[in-house]
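Numbering (my numbering), first residue to last: 12 to 423.
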């Protein structure tokens, strides 16, 4: 028995991976909504709502919720992304039922009015703090330009205006539309009895109000190459990025190749490390995939002294051209595959890691994937596969160059 995948009478889907060799279990509620599902005037509501689900239910105060996790000894958290919101906890096997009950209770939050204004100030402070980190400016500008006019271009946090004007009634309407069984999945991994989990989940979620599934998502428009520059004098370092269209997560074959290429170019002992960092051009140079269910980007980036920005840009392009022209070596590919093999083996022994993998798979592919399936994708990687990838997803032309920092470069 690999997975149990069942839809309860309430409409809630439950996906379970039993792991008999461990002594713990992890559970989480995947809510299939995120920043890309928001309307412009409510940008940030998904993330704000995540905070509010910790603030009170008909049964618990925010204090009870916080203490409840600690009483279980839980490793817990929640996050909101562009495409989903996930609440989870990892506990000893005997505490799993209590953990699921606590998480399920949070999914019926009362959005306490007396906590709404307080938490709004917390979110506004979080937005202000993000303005103090150049990485946030880089990330936001890349999305703003690469996904111009599409919800993927909006910050997950929202901005000061949209969060400040958001009302509790507006949040409650969004909550009612999205936090219901047809738009949620309970994911469980670890040493569990699947029948017990299913019976318990059915009792817990019986009577949850039904609603329509998440509205259809629109695809972003055509990628527009060019240049985007943001002048920010208060930072000492300058960031240079080259962005190119990349595969969507749903494209399993090209996604694995993209991950391998990013590691060869910008991972540990990578080409960027030896030919950019070790050459004194920039202290940081790497490659990063922006990957969503239906679209993606490959980003080559670095941080440097402002006067080195042109040299960093040239160096990033030089390495992209060289790997396209010459391909990768057997040694490079072997190192990347071995790191991925080890990572998959280690993660397979952890209910926490399997929980997050299953949540991603169910949301993107509509089904959970075994560790063996993931390993097969790694084993199928060859130099020829990466060469084919670079033909389909070139990183030497029609790029978007993003420059952020204290230097006005390139000049308009």
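All residues carry an ideal CB built from backbone N, CA and C; glycine is no exception.
In this text the structure is predicted, and so the values were computed from the model without any measurement.
Around residue 409, the same chain offers 236 as residues with beta carbons nearer than 6 Å, after the five sequence neighbours per side are excluded.
The closest CA to that of residue 103, considering only 31, 187, 276, is found on 31. Between the stretch 360 to 368 and the stretch 278 to 298 there are fewer than three C-beta pairs closer than 8 Å, too few to call the two in contact. Inter-residue distance for residue 181 and residue 392 is about 48 Å (C-alpha atoms, whole angstroms). Take residue 135, set aside five residues on each side of it, and the residues of its chain with a beta-carbon closer than 8 Å to its own are 171, 174, 175, in chain order. Going by DSSP, residue 315 is part of the beta strand (DSSP E) stretching over 307 to 315. The three-state secondary structure of residue 281, taken from DSSP, is coil. Within the DSSP bridge table, the entry for residue 297 names 312 as partners.
Beta-carbon to beta-carbon, residue 286 and residue 326 are separated by about 7 Å, close enough to satisfy the 8 Å threshold. Per DSSP, the continuous beta strand (DSSP E) segment holding residue 412 begins and ends at 411 to 416. Separation of residue 244 and residue 418 (C-alpha to C-alpha, rounded to the nearest whole angstrom) is 7 Å. In this structure, the straight-line span from the alpha carbon of residue 29 to that of residue 382 is close to 13 Å. Between the C-alpha atoms of residue 303 and residue 92 there is a straight-line separation of about 10 Å. With fewer than three CB-CB distances shorter than 8 Å, the stretch 122 to 138 does not count as touching the stretch 329 to 346.
Under the three-pair Cβ rule at 8 Å, the stretch 219 to 233 does not count as touching the stretch 338 to 358. Taking each of 357, 328, 377 in turn and checking the Cα distance to residue 386, the smallest one comes out for 357. Under the DSSP assignment, residue 199 falls outside any alpha helix (DSSP H), being part of the beta strand (DSSP E) whose first and last residues are 195 to 201. Take residue 420, set aside five residues on each side of it, and the residues of its chain with a beta-carbon closer than 8 Å to its own are 240, 249, 317, 320, 321, 414, in chain order.
Distances from the alpha-carbon of residue 105 to those of 38, 21, 224 put 38 closest. CA-to-CA, the gap between residue 282 and residue 371 works out to about 30 Å.
Within the DSSP secondary-structure output, residue 249 pairs in a beta bridge with 315. Looking at the backbone, the Cα of residue 323 and that of residue 273 are separated by about 17 Å.
In the DSSP annotation of this structure, residue 289 is not part of any beta strand (DSSP E), being labelled neither H nor E. Excluding five sequence positions before and after residue 55, the CB atoms of its chain that fall closer than 6 Å to its own CB belong to 168, 169, 173, 174, given in chain order.
Boundaries of the beta strand (DSSP E) harbouring residue 15: 15 to 18, taken from the DSSP string. The C-alpha of residue 165 is placed about 8 Å away from the C-alpha of residue 51. In this structure the stretch 195 to 207 touches the stretch 12 to 29; the number of beta carbon pairs closer than 8 Å is three or more. Excluding its 5 nearest sequence neighbours in each direction, residue 238 has C-beta neighbours in its own chain below 6 Å: 412, listed in chain order. Rounded to whole angstroms, the Cβ separation of residue 347 and residue 267 is 10 Å, and the two are not in contact under 8 Å.
DSSP, read as helix, strand or coil, puts residue 329 in helix. Remark: C-beta atoms of residue 100 and residue 121 do not approach each other more closely than 8 Å.
Non-local beta-carbon contacts of residue 205 in its own chain, meaning distances under 7 Å to residues more than five positions away in sequence, involve 15, 27, 29 in chain order.
In this structure, residue 308 sits near residue 256, with a CB-CB distance shorter than 8 Å. Around the Cβ of residue 187, a 10 Å sphere holds fewer than 16 other Cβ atoms; the residue is exposed. Under the three-state reduction of DSSP, residue 153 is assigned to helix.
For residue 215, the closest C-alpha among the options 45, 117, 74 is that of 117.
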